[in-house]
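Structure first, then comments.
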Amino acid sequence: MNSLILRTVAPVLTALMLLFSIFVLLRGHNEPGGGFIGGLIAASALGVYGIAFGVTAVRRAIRFHPMAIAGAGLMLAALSGLISIFFRVPFMTGLWVYPQILGVEVPLATVMSFDIGVYLVVVGAIASIALALEQEPGPTIGPEEKH
Amino acid sequence: MAANAPAVTFIALFLPFLAALLAPVLVRTLGAKAAWLLALAPAMAFLQFARFLPEVAAGEVVTGGYVWVPSFNLSFSWFLDGLSLTFALLITGIGALIVVYAGGYLKGHPLQGRFLGFILAFMGAMLGLVISDSFLMLFVFWELTSITSFLMIGFDHEREAARRAALQALVVTGAGGLSLLAGLIFLWNVTGVTQLSLLVHVGDGLRQSPFYFATLLLVLGGAFTKSAQFPFHFWLPNAMEAPTPVSAYLHSATMVKAGVYLLMRLNPVMGDTPAWEILLPFFGGITLISGTILGLRQTDLKLMLAYTTMASLGLLVMLTGFGSTYAVEAAVLYLVAHSLFKGALFMAVGAIDHEAGTRDVTKLGGLRSAMPITFAAALLAALSMGGVPLFFGFLAKEEIYAALAAGNPRAVFFTAIAVVGNALMFALAFAVGLKPFLGRHVETPRHAHEGPVSLWLGPVVLAGLGLLAGIFSGVAHFYISSPMASAVVDEKVVIDISTVPHIGMPLLLSLVTILLGLAIFWRMDKARAWVVQFVDALGIGPDRGFDYFVRGLVRMSAAITRFVQPGRLELYLTATFILLALALLLPLILAGEWPTLPPLPDLLLVQEAAFLIIAAIGIIAVLRAKNRLTAIVSLGVQGFAVAVIFLLFGAPDLSFTQFMVETLSVVILALVMTRLQLWSRDHRPLPQKLLDSTIAIACGLGFTLLLLKSLQTPFDTVLSDFFNTYSKTIAHGANVVNVIIVDFRGVDTLGEISVVMITGLAVLALIRVRSRRGAKEGKL
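Top to bottom, those sequences are chains A and B.
All residue numbers for the first sequence refer to the numbering used here, where the first residue is 1 and numbers rise by one.
All residue numbers for the second sequence refer to the numbering used here, where the first residue is 1001 and numbers rise by one.
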C-alpha cells in the first residue's frame, strides 16, 4: 500500500507490537495473556509490516519461512512435555526451576517453554497463511521463491 | 541350552525375519551365493524344531510364550503338537531348499536380494501362523502371509498380468482374512477362550451354541479363500505369475495349506456336526474334480501343477471334513506327501523353464539326456504323486481309499470322486514329470543342459524323501503322521500302513486309479481338446467375474464420490450449515427442552447498550453492504463490539483473543477475496437469498437457544473449583485460563497447535496448487 504515513509508522508499530506480544506471552501465566494471544498479536504485527512494505520485505525481515517457525514451535512444545521423562513423571508435567539471575529469583518452567512453543506455532501458521494470500499471484510461493 | 527353552524357540521363529532383513545387503555384497548363507536361517530353525520330535511323538505338547498385553489377557504364545510341528518342519525344511533354489533361479537378477527377503519374511509369517496359540497372533500372521504372497506374486511388477494376479490374490485372501477375524471373534465370544490350545475343551459348548453355524461359515470363508477352494479357487492359477520358487513354496507346499491347517486345527472343536460333514466334503469334492479337469486343459507345466494343487487342496478339505479317524489319517499322509512331491515337481519345472527357456509341454521333449538329475527327481516325485507303491504318495492313497470305501451311498459317492480325481492327477503328474523328458528331442528356445547344484538340490531332496518316507514308513509314522493325526482328532492315533500291499478294497481302487490314469495319460491330447471345448462352453468363470466385480466397485465408488463431493463450495457450506442447524434445533424440538426466556435486566448500562447497538449496526451493515469488502469489514465491527461486551462482563482473556481473531479474520478474509478474484459484489437471486437467510437464522436461533438452555441447567462447579483452588498452589499460575491451557490440559493444547500447524500447511499447499494452475493457464 502506497501510503507515506503507513510506511513511516509501520516499522515502529511492528516493533512495538512484537515487543508487546512477547510481554503478553510472558505475563500470561499470572495475568491475562499467553502464547495464543501473543502469537496472534505478533502475526498481526507482521501483517501490518506486510501491508506497508510488501510480502518480500516481511519474508526477508523474519529470515525463516513462517512454516519453519511454526514447526520449531511445535517441536519446542512437544519437547517441553517430554522433559518429564527424565524425572520419571507423566508426560507434560510442569517442572520448575528458580535460578538466581543478577540477584533476582526468576521462576522458569517447562510450561513457559511450552507456551513459547504455542506462540511460535500461532505466529508461524497465521503469518504463513496471510503472507501466502497477500503475495501477488505468481508461479510459486514460499521457499522456492528466490530472486 | 535346553531345547525347550522358550527363548530358543522364539529365536527360531524370528530367524527368518532377521534373515529377510539381511538378505538385500548380503546379496549386494556376496551376489547369488548369499542364498546358501541365508538358507542357514531356516535350516537352523528346522533343527531347533526337529529337537521337539521325540517329545511330541510321545504325545506331549510343547508350549511357551511371553506376556504381551497383560491387561487384555493377551500373550505372545505358541504351542507345538503333532500338527503344528509337522507344519513347522515342512515350512523350515522346504524353506531352506527353496532359498537355495531361488539363489540359482534368480541368479543375476537385479532384485534378487529383495526377492530372498520376501521369501524369508513369508517363511517367518507362515511359521508364526502354524505355531501360534493365541487367536490374535494367528490372525496377524495369517494376514502377513497374504501380504507377503501379494508382494511375491507381483514381484515382476512391470508386467500387468503379475500386478493383476497379485491384487486378485490379495483381495480374495484379504477378504477371507476378514471373514476369519470375524469367525475368531465369534469363537472367542461364544467360548470365552482366546487360545487354540484351550479350545478343545470347549468344543461341545460351541457345537450347541446358536452361533455355531455363523462361526463355521466365517471360519470357512477364511480357510476356503486361503486354500483356493471352489468358488474362490481362481486366484491360485493366476498366482503362477510369480517366479517359480514362490509357486513351489507358497502356492503349493505351504501357504495354501494354511486353510487346511486351520480346518485340521478346528476339527476337534467344530467337527463332528452335520454342517461340517456336508460343507467340507462337498466343496472339497467340487474343488478336486474341477481342479483336475481345468488342469487337463493346460499346456503350461506350471499351470498344470497349479490346478493339481488346487485339486489336492480340495481332496484334503474333503478328507478333513469326511468325519472319520481314517479320513483324517489319510488327509495327514496326503498333506505331507503332497508337500514333498509338489514342491519337487514345481522346482523341477522351474529348472526346465530356466534351462530350456519354455515350460509349454507341447514344445518340450527328450530332455532326459540333457537334464538327467532333474529328470530323476521329477520322475520320483511324479511316481509319488501318482501313488505308485513304495512311495509315500501310495500310502496316502491307500489310506484315502481305506477311509472312504464303505457300503453307504455317501461313501460310494465320495470314493468315486476320489478315484476320478486321483486318476486325473496321476495323468497330470506324468504329463509334468515324464513328458518333457521322453520322446524325440525337441528344439527349445535355449540349449538345455543340467542346471547348477542349487537348481536340482531341492527337487532331489524332496523327491528322495518321498521315497524314503514310503520305504521307512514306520519311522515316518512314528515321528510325523501319527502325532499329527492324533492332534487333528484329539485322541491317540497310531498309523501303521506300510508299502507292503494288502489285498483288499483299497488296493483294488488304487489299481483302478492307476489304470484310469494311464488311459488318460495315453490319450492326453484328445482329453485336452475335449476339456477345452467343455470349459469354453461354460462361459465366464469366477476369474472374469472378479474383473467385473472390481471394475464395478471402482465405478460405484467414483459415482458416490461425484455425488457426495460435487466440488462446489456453496453446496458444501449449505450442507454444513443445514446440518448444523438441525443438530442444534432437533434435540431441543424432540426432547421439548426449550429454554425459558430470561428476564430482561432492569437497568441496562449505557456502555452495554451502546455496544449492543454497535453490534447490531455491524450486522445490518453486512446485510446492506454494496460490495464484499464492506461486508467483511462490517462483520469485523460486529465482532469488535462483542469483544468489548466480553470485556465489560469480566472476561479479559476471551475478549483479548476475540479482538485479535476478529482483526486477523478481517485481514485474511479480505486477502482471500482479492486472491480468489471474486466479483466484488455478492449478487444472489431471490430464492437463493431466501434459502440462505433461512439457514442463517436457523443456525443463529439454534445457538441462542442452546446457550440459553445451557445457562439454565445447573452448573457443575467441580472442575472450576478444582482449577481455581489448585491453579496457584500446584501450577504456580494466577491466570487460571492460561494454566488450563499450558498445564492442566496441556496435551489438548499440544493437539490443538498441531492442528493449527497442519491447517497452515494445508492452506499453503492449496494456494500453491492454485497458483501453479494459474501460472500454467497464464502461459497457454
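Note that beta-carbon positions come from the ideal geometry of N, C-alpha and C, so glycine has one too.
Just so it is clear, the structure is predicted and the values come from calculations on it, not from any experiment.
With T1292 (chain B) as the anchor, note down where its alpha helix (DSSP H) starts and where it stops. The residue you call residue 1292 (chain B) lines up with position 292 of the second sequence. Start and end: 1274-1297.
Range of the contiguous alpha helix (DSSP H) that encloses S1077 (chain B): Taking the second sequence and counting its residues from 1, one reaches residue 1077 (chain B) at position 77. Segment 1074-1080 is the beta strand (DSSP E) holding S1077 (chain B); no alpha helix (DSSP H) there.
Whose Cβ in chain A lies nearer than 7 Å to the Cβ of T1759 (chain B)? Indexing the second sequence from 1 puts residue 1759 (chain B) at position 759. Within 7 Å of the CB of T1759 (chain B), the CB atoms of chain A belong to A125, in sequence order along the chain.
Using the rule of at least 16 other Cβ atoms within 10 Å of the residue's Cβ for burial, across every protein chain shown, is Y1307 (chain B) buried or exposed? Position 307 of the second sequence holds residue 1307 (chain B). Classified as buried, Y1307 (chain B) has 16 or more neighbouring CB atoms from the shown chains inside 10 Å of its CB.
Closest by C-alpha distance to A1096 (chain B), when choosing among B:P1042, B:L1080, B:G1285, B:I1619: Counted from its first residue, the second sequence places residue 1096 (chain B) at position 96. Of the candidates B:P1042, B:L1080, B:G1285, B:I1619, the one whose C-alpha sits nearest the C-alpha of A1096 (chain B) is B:P1042.
Could you check which residue in B:G1343, B:T1374, B:V1661 has the C-alpha nearest to that of A1356 (chain B)? As a working note, residue 1356 (chain B) is residue 356 in the second sequence. Of B:G1343, B:T1374, B:V1661, the residue nearest in Cα terms is B:T1374.
Assuming F36 (chain A) contacts A77 (chain A) (C-beta within less than 8 Å), just tell me the rounded distance between them. Residue numbering aside, residue 36 (chain A) sits at position 36 when the first sequence is read from its first letter. Residue numbering aside, residue 77 (chain A) sits at position 77 when the first sequence is read from its first letter. About 12 Å separates the two Cβ atoms, so there is no contact after all.
Could you check where the beta strand (DSSP E) with Y1066 (chain B) kicks off and where it finishes? As a first step, residue 1066 (chain B) is located in the second sequence; it is residue number 66 there, counting from the start. Annotation: the continuous beta strand (DSSP E) that includes Y1066 (chain B) extends over 1062-1069.
Same chain only: Cβ atoms within 6 Å of T985 (chain B), ignoring 5 sequence neighbours per side: Because chain B spans 1001 through 1780 in this model, residue 985 (chain B) falls outside it and cannot be assessed.
Beta-carbon contacts of S1252 (chain B) that lie in its chain and below 6 Å, excluding the five residues immediately before and after: The residue labelled residue 1252 (chain B) in the question sits at position 252 within the second sequence. Around S1252 (chain B): T1309, K1342, F1346.
What does M1656 (chain B) touch in chain A if you count any residue whose Cβ is under 7 Å from its own? In the second sequence, counting from the first residue as 1, residue 1656 (chain B) sits at position 656. The sequence shown places Phe at residue 1656 (chain B), not Met. Those are P32, I37, listed as they occur along chain A.
Can you give the Cα-Cα distance for P143 (chain A) and H65 (chain A), rounded to whole angstroms? The sequence position of residue 143 (chain A) within the first sequence is 143, counting from 1. The sequence position of residue 65 (chain A) within the first sequence is 65, counting from 1. Summary for P143 (chain A): the model assigns pLDDT 45, below 50, so the residue's position carries little reliability; its value from the coordinates is reported in the next sentence. If you take the alpha carbons of P143 (chain A) and H65 (chain A), they lie about 7 Å apart.
According to DSSP, is L1438 (chain B) helix, strand or coil? By 1-based counting over the second sequence, the position of residue 1438 (chain B) is 438. It is coil, neither helix nor strand.
Under 7 Å between beta-carbons, which chain A residues line up against V1756 (chain B)? List them in chain order, please. Taking the second sequence and counting its residues from 1, the one referred to as residue 1756 (chain B) is at position 756. Chain A residues near V1756 (chain B): V121, V122, A125.
With a cut-off of 8 Å, does the C-beta of G28 (chain A) fall near any C-beta of chain B? Here residue 28 (chain A) is taken as the residue at index 28 of the first sequence, counted from 1. It does: the Cβ of G28 (chain A) has a partner Cβ on chain B nearer than 8 Å.
Indicate whether V1269 (chain B) and V1172 (chain B) have their beta-carbon atoms separated by less than 8 Å. If you number the second sequence from 1, residue 1269 (chain B) lands on position 269. If you number the second sequence from 1, residue 1172 (chain B) lands on position 172. The answer is no: Cβ separation not under 8 Å.
For chain A, is any of its Cβ atoms less than 8 Å away from the one on L1750 (chain B)? In the second sequence, residue 1750 (chain B) corresponds to position 750, counting from 1. Interface residue, yes.
Could one say the Cβ of P1006 (chain B) lies closer than 8 Å to chain A's Cβ atoms, at least one of them? Locating residue 1006 (chain B) in the second sequence gives position 6, where the first residue counts as 1. Output row for P1006 (chain B): interface = no.
For W96 (chain A), which of helix, strand or coil comes out of DSSP? Here residue 96 (chain A) refers to the residue found at position 96 when the first sequence is read from its first residue. In the three-state reduction of the DSSP assignment, W96 (chain A) falls in the strand class.
Exposed or buried, what is S1179 (chain B) when buried is set at 16 or more other beta-carbons lying within 10 Å of its beta-carbon? Numbered from 1 along the second sequence, position 179 holds the residue referred to as residue 1179 (chain B). Classification of S1179 (chain B): buried, given that the 10 Å Cβ count is 16 or more.
Enclosing alpha helix (DSSP H) for P1389 (chain B) [first to last residue]: Taking the first residue of the second sequence as position 1, residue 1389 (chain B) is located at position 389. Here P1389 (chain B) belongs to no alpha helix (DSSP H), and DSSP marks it neither H nor E.
Beta carbon of V1328 (chain B), beta carbon of I1480 (chain B): below 8 Å? For this step, residue 1328 (chain B) is matched to residue 328 along the second sequence. For this step, residue 1480 (chain B) is matched to residue 480 along the second sequence. No. Outside cutoff.
Contacting residues, own chain, Cβ-Cβ under 7 Å from V1332 (chain B) (five flanking each side not counted): What you label residue 1332 (chain B) is simply residue 332 of the second sequence in a count that begins at 1. Only S1481, M1484, A1485, V1488 meet the Cβ criterion.
Look up S1084 (chain B) in the DSSP assignment and say whether it is helix, strand or coil. Locating residue 1084 (chain B) in the second sequence gives position 84, where the first residue counts as 1. For S1084 (chain B), the secondary structure class from DSSP, reduced to helix, strand or coil, is helix.
To the nearest whole angstrom, what separates the beta carbons of A1559 (chain B) and G1451 (chain B), a pair I think is in contact under 8 Å? Position 559 of the second sequence, counted from the first residue, corresponds to residue 1559 (chain B). Position 451 of the second sequence, counted from the first residue, corresponds to residue 1451 (chain B). In fact, because the Cβ distance is near 53 Å, the residues do not count as touching under 8 Å.
Tell me whether Q1229 (chain B) sits in a helix, a strand or coil according to DSSP, three-state version. Taking the second sequence and counting its residues from 1, the one referred to as residue 1229 (chain B) is at position 229. It is coil, neither helix nor strand.
Distance, R1159 (chain B) Cα to P1587 (chain B) Cα: Mapped onto the second sequence, residue 1587 (chain B) falls at position 587. Mapped onto the second sequence, residue 1159 (chain B) falls at position 159. Distance between the alpha carbons of P1587 (chain B) and R1159 (chain B) is about 57 Å.
What first and last residue would you give for the alpha helix (DSSP H) that runs through A15 (chain A)? Here residue 15 (chain A) refers to the residue found at position 15 when the first sequence is read from its first residue. Segment 4-27, the alpha helix (DSSP H) holding A15 (chain A).
Given T1292 (chain B) as reference, the closest of B:L1313, B:M1240, B:T1596, B:V1219 once Cα atoms are compared: By one-based count along the second sequence, residue 1292 (chain B) stands at place 292. The option with the nearest alpha carbon to T1292 (chain B) is B:L1313.
Would you say I129 (chain A) faces chain B, with C-beta separation under 8 Å as the test? Position 129 of the first sequence, counted from the start, is the residue given in the question as residue 129 (chain A). With its beta carbon less than 8 Å from one in chain B, I129 (chain A) belongs to the interface.
Anticipated Cβ contact below 8 Å, D1692 (chain B) with R1681 (chain B), distance rounded: Here residue 1692 (chain B) is taken as the residue at index 692 of the second sequence, counted from 1. Here residue 1681 (chain B) is taken as the residue at index 681 of the second sequence, counted from 1. Incorrect: roughly 16 Å between the Cβ atoms, too far for contact.
Got a sec? Which residues, its chain only, sit under 8 Å from L1705 (chain B) by beta carbon, not counting five neighbours each side? Residue 1705 (chain B) sits at position 705 when you count from the first residue of the second sequence. Excluding residues within five positions, the ones whose Cβ falls inside 8 Å are L1584, L1585, L1588, W1594, P1595.
Would you call G1466 (chain B) buried or exposed, if buried means 16 or more other Cβ atoms sit within 10 Å of its Cβ? Taking the second sequence and counting its residues from 1, one reaches residue 1466 (chain B) at position 466. With 16 or more other Cβ atoms within 10 Å, it is buried.
Report, in whole angstroms, the separation of the C-beta atoms of L1266 (chain B) and V1190 (chain B), which I expect to be a contact under 8 Å. Looking up residue 1266 (chain B) in the second sequence gives position 266. Looking up residue 1190 (chain B) in the second sequence gives position 190. About 13 Å; that fails the 8 Å criterion.
Please classify N1408 (chain B): is it buried, with 16 or more other beta-carbons within 10 angstroms of its beta-carbon, or exposed? Looking up residue 1408 (chain B) in the second sequence gives position 408. Exposed, since its Cβ has fewer than 16 Cβ neighbours within 10 Å.
Does V1100 (chain B) come out as helix, strand or coil in the three-state DSSP assignment? For this step, residue 1100 (chain B) is matched to residue 100 along the second sequence. V1100 (chain B): helix per DSSP, three-state reduction.
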